[in-house]
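S.K.:
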Amino acid sequence: MKLAHLRICNFRCFGSVATDIALDDTTFILGPNGTGKTAVLQALGRMFSLDPALRKIRASDFHIAADEAPEALPEERRLWVEADFEFPELEIEEDDAMPAVPGNFAHMLMVDEDEQVRVRFRLAATLDQDGEIEETFTYVTKTDDAGLPTEESRVSKQDRNAIQVHYLPARRDPSDHVSYSANALLGRALRAADWSGERAAIGALTAQITAALTGNAAIEGIGESLTGIWSQLHKGQFFADPAISFAQSEIDALLRHLSLTFTPGHGEPLVDFARLSDGQQSLLYISLVLAMRDIGDKVLAGETEAFDIDKLRPAIFTLLAVEEPENSLSPHYLGRVVRAVSEFAKGQNTQALIATHAPSLLRRVAPEAVRYLRLDANRRTVVAAVVLPENEDAAKYVREGVQAFPELYFSRFVILGEGDSEEVVLPRLLSARGILTDDASISIVPLGGRHVNHFWRLLHALGIPHATLLDLDLARYQGGWGRIKYAAKQRLKYGDVANAGIDDGDIEGIPAWNSDDGFMVDDDGWTEYFEERGIFFSSPLDLDFMMIEAFAEVYKIDDDEREEPDEATLKAVLGKKHDVVGNQYTDEQLELFDAYHRRFKLGSKPAWHIRAMAALDDAELAADMPTVMTRLFDYVETALAGLPE
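Under the UniProt record's numbering, the first residue of the sequence shown carries the number 1, and numbering increases by one thereafter.
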């Protein structure tokens, strides 16, 4: 049994159009702050949490549109959450026990499109103007063409409790789950244990303890005084003689004093779990969930008789929902937790959902397991999955790129660059422009050369606004017009095709990379076309060349180093198959080739840029910034102004 789909409508930041979230064994819920990660986990908690307080629908759960006028309040608000469970174990020809199947058989719904057997639970609620909330929790047994329920039946309390969601919120007190309370994991297991063999022994021991305590002179004095006063006030035949005793011999009364302890402690033999750190208590709670699930599986399979199955009520499906584990766990502990939870979620009737915004955690996560949440222009949650390229090599590249720079998941805006230079230079130039990358939630992602097209598709699919800074590589092999043609092809293939503004005929009309039609003489409007769509070119060569051209002094280029390049220098900078440089580079630009070669081909690009950026203040950088960077930052500022915070 697996939770395949979760649909949410009008719940918190989810709007009136139902949002479908497809779930894997282990699913990671990502997105910037305030995009609905907690809402997803709470929606599951409202349906299947062990804690009645978490199941209760609140007035704050009902979505309120951002543009709703106070004078136009609706007479009634509605929300609903649906959970579709599938049964992949039915396709496995084995004799293993399938406890989830019999309990749900009467409610299984056959969906015509894929003939997949599934059960759909639906939680619906209404809120009237008096603040009264009505809830229903039903099975959906038939739907119309739009997927809306036409036949429903009530879910019994027993059936609802058979599915358990263990929700560990970001702000938590794990002791609530460890104590002997009615809803605690440990308490449920202790109450279900078979104590029949120990009752007589416990009764005798408690009698001995009571006798020893009441033999104390102070206790005897209290008892005599209490008996005298009680007899004056109470004249009835029953309850005539009060006495102080240790406890009844009831097992439950004793179990309430049980607690988890750890050994060894610092200078003491036992340490109560309450003294553990927040992170250690979180680990303890997760350990308890996994341990209780293991016990439940053994009870259902008949492998142990130590528990009363009617009292234990083991779940036929368990989902562990963990919110922001990075709040209390170090990166190395996170790795262990993710590994343990992922292994747990591979079970026949288990799953896990982890909401996070920790890049350190995502470096351990496959992009396919990610569900990305963001807010649209109306501040409603939109959910997208990461779609990798079909080509195996390209998919591997994108997977490694996202895992190397997971910050892009949490960005309001992403700037894609070619390499290390962009990672050093762009944040400093943005700062000089008055745009702080952290304040604006901008990520600079250096992804390397010609693979940038796959990230266009990725960011477009996730709905993350972005701009790109590519090298024009004028006179290099396949540079200049070649780079323009390549970018146009990839935009048409992977970008927003409906708004591309070009077709295959336009691309075929682009000159060859080594054409006599010099790009710098007449770009035929392509520069403007790309920049309107967030694609900018470092011209004429790359960002390194633009920076030494704009700030020659801080890169320590003196007049003695400026000279016309010979063929060896041209090959060193442009490559062996370079094009002619006439009508493409000015004489002043050609005189920088030798300095470029020494600093960025023979030397370290980041080192040179770091020294140069440190030597310039904001005013100097802003005054002499390359014009293409000014246009890029204009584009970024305009985009940020229209994005929700």
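Idealized CB from N, CA, C, for every residue including glycine. In this text, all values refer to a predicted model and were calculated from it rather than measured experimentally.
1) Per DSSP, Q42 is paired with what?
2) Could you give the distance in angstroms between the alpha-carbon of A240 and the alpha-carbon of E224?
3) Would a C-beta distance cut-off of 8 Å place F455 and L447 closer than the cut-off?
4) Which two residues bound the contiguous alpha helix (DSSP H) that contains S287?
5) Can the beta-carbon of A623 be found closer than 8 Å to that of V554?
6) Using only the alpha-carbon positions, how far apart do A355 and D84 sit?
7) Less than 7 Å between C-beta atoms, sequence neighbours within five positions excluded: which residues of the same chain meet that for G479?
8) How about V398 and S443: are their beta carbons less than 8 Å apart?
9) Tell whether a beta-carbon distance below 8 Å holds between Q351 and D25.
10) So, I535 versus A595, is the Cβ gap smaller than 8 Å?
11) Whole-angstrom Cβ separation of L408 and V445, contact assumed at under 8 Å?
12) Please list, in chain order, all residues of the same chain as K142 whose beta carbon is under 6 Å from its beta carbon, the five residues on each side excluded.
13) Less than 8 Å between C-beta atoms, sequence neighbours within five positions excluded: which residues of the same chain meet that for L260?
14) Mapping DSSP to helix, strand and coil, what is G417?
15) Using only the alpha-carbon positions, how far apart do R599 and E561 sit?
16) Round the Cβ separation of Y529 and G501 to the nearest angstrom and send it over; I've been treating them as touching at under 8 Å.
17) What residues match up with C13 in a beta bridge as DSSP calls it?
18) Taking the alpha carbon of R55 as the point to measure from, which residue in T35, N161 and G36 has its own alpha carbon closest?
19) For L127, which three-state DSSP category applies?
20) When DSSP builds the beta bridges, which residues end up paired with Q164?
21) Apart from the five residues just before and just after E563, which ones in its own chain have a Cβ nearer than 8 Å to its Cβ?
22) Over what stretch of residues does the alpha helix (DSSP H) that includes P446 continue unbroken?
23) Near P626, which residues of its chain fall below 7 Å by C-beta distance, leaving aside the five closest residues on each side in sequence?
24) Among D544, E508 and I484, which one has its Cα closest to the Cα of T527?
25) Taking 8 Å as the cut-off, does the stretch 300–308 touch the stretch 13–22 (at least 3 CB pairs, one atom from each stretch)?
26) Mark N216 as exposed unless 16 or more other C-beta atoms lie within 10 angstroms of its C-beta, in which case mark it buried.
27) With contact counted as at least three CB pairs below 8 Å, one residue from each stretch, are the stretch 374–382 and the stretch 31–42 in contact?
28) Relative to the C-alpha of L276, which residue among A321, L329 and D308 is closest?
29) If you check the beta carbons only, do V338 and L361 fall under 8 Å apart?
30) Since W526 is in the alpha helix (DSSP H), which residue starts that stretch and which ends it?
31) Going by beta carbon distance, what residues of the same chain come within less than 7 Å of residue 652, once the five residues before and after it are set aside?
32) In whole angstroms, give me the CA-to-CA distance for R533 and L632.
33) If you count every other CB in all the chains shown that lies within 10 Å of the CB of V636, and 16 or more means buried, which is it?
34) According to the neighbour-count rule (16 or more other Cβ atoms, all chains shown, within 10 Å of its Cβ), is S411 buried or exposed?
35) With distance defined between alpha-carbon atoms, name the residue in W80, A69, V40 and A4 nearest to V17.
36) Relative to the C-alpha of A193, which candidate in N391, L205 and I251 has its C-alpha closest?
M.R.: Taking the geometry as given:
1) Q42 is bridged by DSSP to nothing; it lacks a bridge partner.
2) If I take the Cα positions, the gap works out to 13 Å.
3) Going by C-beta atoms, F455 is nearer than 8 Å to L447.
4) Run containing S287: D278 to L300, per the alpha helix (DSSP H) assignment.
5) No, Cβ-Cβ distance for A623 and V554 is not below 8 Å.
6) Cα to Cα, the separation comes out at about 20 Å.
7) Only L472, D473 and W513 meet the Cβ criterion.
8) Cβ atoms of V398 and S443: not closer than 8 Å.
9) A distance below 8 Å separates the beta carbons of Q351 and D25.
10) No, the Cβ-Cβ distance between I535 and A595 is not below 8 Å.
11) Right, the Cβ-Cβ distance comes to about 5 Å (below 8 Å), so this counts as a contact.
12) Taken in chain order, the residues that qualify are T150 and E151.
13) So the list reads V178, L186, D272, F273 and L284, once near-sequence residues are dropped.
14) Three-state DSSP puts G417 in a strand.
15) Between R599 and E561, the C-alpha separation is close to 12 Å.
16) Yes, Y529 and G501 are in contact; Cβ-Cβ is about 7 Å, under 8 Å.
17) DSSP lists no bridge partner for C13.
18) Among T35, N161 and G36, the Cα nearest to that of R55 is on N161.
19) Strand at L127.
20) By DSSP's assignment, Q164 forms a beta bridge with T318.
21) Result list for E563: E591 and D594, in chain order.
22) P446 -> not in any alpha helix (DSSP H); beta strand (DSSP E) instead, spanning I442 to P446.
23) Only M546 and A550 meet the Cβ criterion.
24) Of D544, E508 and I484, the residue nearest in Cα terms is I484.
25) In short, these stretches do not touch, since the Cβ pair count stays below three.
26) Residue environment: N216 is assigned as exposed (fewer than 16 neighbouring CB atoms within 10 Å of its CB, all protein chains considered).
27) Touching, per the Cβ criterion.
28) Of the candidates A321, L329 and D308, the one whose C-alpha sits nearest the C-alpha of L276 is L329.
29) In this structure, L361 lies closer than 8 Å to V338 by Cβ.
30) W526 -> alpha helix (DSSP H) spans W526 to E532.
31) Nothing about residue 652 can be read from this structure; the chain reaches only from 1 to 645.
32) Across the structure, R533 and L632 are spaced so that their CA atoms are roughly 11 Å apart.
33) Burial call: buried.
34) Classification for S411: buried.
35) Checking every option, the nearest Cα to that of V17 belongs to W80.
36) Measuring from the Cα of A193, the nearest candidate turns out to be I251.
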